[in-house]
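One structure below.
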Amino acid sequence: MRIKIAVLTAVLACGAGLQAKEDDPPKRLDAAADLLADMMKASDKGVPQDLMNQSQCVVLIPGLKKGAFIIGAKFGRGFAFCRKAGGTGWTAPAAMRVEGGSVGFQIGASEQDVLLLVRNESGMKKLISDKFTIGGEATAAAGPVGRDLTAQTDAQLRAEILSYSRSRGLFAGLSLQGATMRGDDDVNKSLYGREITNKEILTTAVPAPAAAARVETLLNKNSSRKAK
């Protein structure tokens, strides 16, 4: 028991250290733009265009950290974007945090870029809530890769959220079951110069910060059509 407690303490301390280093929102927005560009240009190994076009929101999390020694932990910071009313363009970025843990025999550390497609209004409501659990309050599945959607399963078709990862240049579906997501108030305040919630950013006409120009251009270029 003492060993497990010590390991858990170390994992949590590691997560706190990672959080302290991820303190430059403009650079993180630029990394999010790189992630989106690579995911969409990966030809038959990327995110299916139809799924991108149908999605209500997109969450980009560059550099999700995962570490484990018996007890695992995840930590990442990124941004959510949703379609504006009428489907004409995308909202300003809303800062998000991803946190999670697991228990079981595991050891090692890794870093992955993560893209989440929030497929409908129901999923968007979870996204703008104070906090939700992927696979708990929000149904989720690892997303199919490639331009051909014939490989989609019923679970993927029903899921509110489809998740993708990039690790060492390879793209794949990713399971984030059990991870929690919530708004990152400190980053939002840094970007917008005032206290502001994710719900306000994603549901009203909040002007986007200049640092988000590149990622918003890419979103409009890769999926300008209204969600179905």
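Going letter by letter, the sequence shown gives residues 3 to 230 in this note's numbering.
All C-beta atoms, glycine included, are put in the ideal place defined by N, C-alpha and C.
Computed from a predicted model, the values in this text were never measured in an experiment.
Go ahead and label S124 buried or exposed: buried means 16 or more other beta carbons lie within 10 angstroms of its beta carbon, across all protein chains shown. Classified as exposed, S124 has fewer than 16 neighbouring CB atoms from the shown chains inside 10 Å of its CB.
Alpha-carbon to alpha-carbon, L62 and L119: Distance between the alpha carbons of L119 and L62 is about 9 Å.
CB of P64 within 7 Å of CB of A213, strictly: Going by C-beta atoms, P64 is not nearer than 7 Å to A213.
Which residues mark the beginning and the end of the alpha helix (DSSP H) in which I203 is found? Its alpha helix (DSSP H) spans residues N200 to T205.
Under the three-state DSSP convention, the category D115 falls into: Here D115 sits in strand by DSSP.
How far does the alpha helix (DSSP H) with L164 in it extend, from its first residue to its last? DSSP places L164 outside any alpha helix (DSSP H); the residue lies instead in the beta strand (DSSP E), whose first and last residues are I163 to S169.
I'd like to confirm something about A82: is its beta-carbon nearer than 6 Å to some heavy atom of the ligand PLP, or not? Within the structure as shown, the ligand PLP is missing, as the structure has no ligands at all.
Please classify A94: does DSSP put it in a helix, a strand, or coil? It is coil, neither helix nor strand.
Within 10 angstroms of its Cβ, does K23 collect 16 or more other Cβ (buried), or is it exposed? Model confidence at K23 stands at a pLDDT of 45, short of 50, so the residue's coordinates are unreliable and nothing is read from them.
For R216 and D32, I'd like the C-alpha separation in whole angstroms. Cα to Cα, R216 sits roughly 7 Å from D32.
Inter-residue Cα distance where the pair is S167 and R196: Those two C-alpha atoms are separated by around 32 Å.
Looking at the strands, I want to know which residues DSSP matches up with K43. K43 is not bridged by DSSP to any residue.
R85 versus K128 - alpha carbon distance: Distance between the alpha carbons of R85 and K128 is about 15 Å.
Give the DSSP-derived three-state secondary structure of R85 in the structure shown. When secondary structure is reduced to three states using DSSP, R85 falls in the strand class.
For N222 versus G48, is the C-beta spacing smaller than 7 Å? Going by C-beta atoms, N222 is not nearer than 7 Å to G48.
Enumerate in chain order the residues of its own chain whose CB-to-CB distance from M54 is below 8 Å, with the five nearest sequence positions on each side excluded. Here the set comprises M42, V60, L119, N224 and S225.
Distance, E202 Cα to M183 Cα: Cα-Cα distance, rounded: 17 Å.
Tell me the rounded alpha-carbon separation between R30 and A97. Taking the straight line joining both Cα atoms gives about 10 Å.
State the beta-bridge partners of G185 as determined by DSSP. DSSP output for G185 lists M98 as bridge partner(s).
Between which two residues does the alpha helix (DSSP H) containing A2 stretch? With the chain covering 3 to 230 only, the question about residue 2 has no answer from this structure.
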